[in-house]
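So the sequence shown is numbered by the UniProt record's numbering: it starts at 1 and just counts up by one.
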Amino acid sequence: MTGAEEGRKQTKQNIVDFKKNFQFPSRPFVSDKCKDLICRLIQEKDIRLCSRRYQVKYRDSFKSYVFPDDAEDIKAHRWFRNTPWDRLQSMPPPFTPNLKSDDDAHYFDESEPFEDWSESIPSGFFLRSEDVKEILFGFDTDVQAKAMELIKIPFDAAKLRSIDRDIDASKELQPNDKATLKQFIRFYGHKERKRPRDMLLRDKDTKKTSLRIRKETAFMGYTWRRMRPGGYIDPKVTEIPKTDDSQASTLNIER
1 MTGAEEGRKQ TKQNIVDFKK NFQFPSRPFV SDKCKDLICR LIQEKDIRLC
51 SRRYQVKYRD SFKSYVFPDD AEDIKAHRWF RNTPWDRLQS MPPPFTPNLK
101 SDDDAHYFDE SEPFEDWSES IPSGFFLRSE DVKEILFGFD TDVQAKAMEL
151 IKIPFDAAKL RSIDRDIDAS KELQPNDKAT LKQFIRFYGH KERKRPRDML
201 LRDKDTKKTS LRIRKETAFM GYTWRRMRPG GYIDPKVTEI PKTDDSQAST
251 LNIER
């Protein structure tokens with residue numbers, strides 16, 4: 001139901017092999033109605049819980065992809081038995097966001113500033129046991145060994161949260177040791193490398209050429225001008241001095 005502790009790669013593989021790997025944990029408790037709903041949704045598209053008209057759309061000669069009232073089968077499931085669908089839009093929601101302004105988006109903030117840490121460590125740099133002992137000088141050997149173990153394998157945000165839970169649950173570690181280990185792994189740990197989505201960047205024979213061309217043509221057609229030392233100055237319209245009628249007539253005579 002959540003990310004695999006082994007990392008992003010294993011999480012993706014679990015999704016692909018959902019028929020073999022998908023199961024409900026013993027805790028928290030999940031009712032039979034909820035299990036039935038989720039299991040009927042996590043299925044191949046031809047047997048998935050949805051409108052029956054979608055199950056035969058590939059055999060539909062009219063090629064209709066959207067149907068009216070296409071949620072009737074899901075709404076009829078026993079999990080939603082007491083849901084008042086006809087007046088749901090007028091009922092108060094179970095959760096109301098606490099917003100400080102119209103552009104407040106703090107609910108979308110990252111739970112872990114994962115991209116910010118470990119940037120000061122050179123790529124491919126791994127600490128030796130002697131380095132760990134020097135960095136954690138004054139700590140017990142068990143803490144030093146635990147620190148060395150934590151940075152051996154790269155990990156992603158899900159794995160990092162799992163490591164934090166294991167550290168907090170340890171009875172052998174003191175509070176100061178736990179805080180030190182969390183900070184240590186964030187600074188000296190290694191992020192799991194993400195595979196590029198672009199097929200050209202994945203291929204070792206084409207990635208350098210493709211990346212070079214994209215850098216060279218990324219801003220093609222754009223121009224850049226340096227700002228004046230005094231900043232941007234709004235051009236002013238030059239005013240034409242006003243002339244009275246006598247001056248205007250004199251000018252006309254001279255012409």
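Using N, Cα and C, we set each Cβ at its ideal position, and we do this for glycine too. Owing to the predicted nature of the structure, the values given are computational and were not obtained by experimental measurement.
Neighbourhood of residue i by C-beta, 6 Å cutoff - its chain only, sequence neighbours within 5 removed
i: residue 12; result: none
i: residue 33; result: 78, 79
i: residue 132; result: 144, 147, 148
i: residue 43; result: none
Under the three-state DSSP convention, the category residue i falls into
i: residue 155; result: strand
i: residue 30; result: coil
i: residue 11; result: helix
i: residue 39; result: helix
i: residue 130; result: helix
i: residue 135; result: helix
i: residue 45; result: coil
Under 7 Å between C-beta atoms of residue i and residue j
i: residue 37; j: residue 79; result: yes
i: residue 194; j: residue 201; result: no
i: residue 30; j: residue 24; result: yes
i: residue 100; j: residue 85; result: no
i: residue 192; j: residue 155; result: yes
Among the options, nearest to residue i - alpha-carbon criterion
i: residue 71; options: 147, 41, 182; result: 41
i: residue 178; options: 28, 139, 81, 211; result: 139
i: residue 326; options: 171, 27, 181; result: Residue numbering for the chain in the displayed model covers 1 to 255; residue 326 lies beyond these limits and cannot be assessed.
i: residue 153; options: 172, 190, 15; result: 190
i: residue 20; options: 39, 81, 209; result: 39
Contact set for residue i: own chain, Cβ-Cβ below 7 Å, skip 5 residues either direction
i: residue 121; result: Low confidence applies to residue 121: its pLDDT is 42, below 50, so where it sits in the model is not reliable enough to give any reading.
i: residue 185; result: 150, 151, 163
i: residue 92; result: none
Any C-beta of chain E under 7 Å from that of residue i
i: residue 135; result: Note that chain E does not occur in the displayed structure, where there is just one protein chain.
8 Å CB neighbourhood of residue i in its chain, flanking five on each side removed
i: residue 107; result: 97
Give, in chain order, every unbroken run of the beta strand (DSSP E) that is at least 3 residues long and sits entirely within the segment 140-221.
-> For the segment 140-221, not a single whole beta strand (DSSP E) run of length 3 or above is found.
Give, in chain order, every unbroken run of the alpha helix (DSSP H) that is at least 4 residues long and sits entirely within the segment 71-110.
-> Every alpha helix (DSSP H) stretch that sits fully inside the segment 71-110 and reaches 4 residues is listed by chain position as 72-75.
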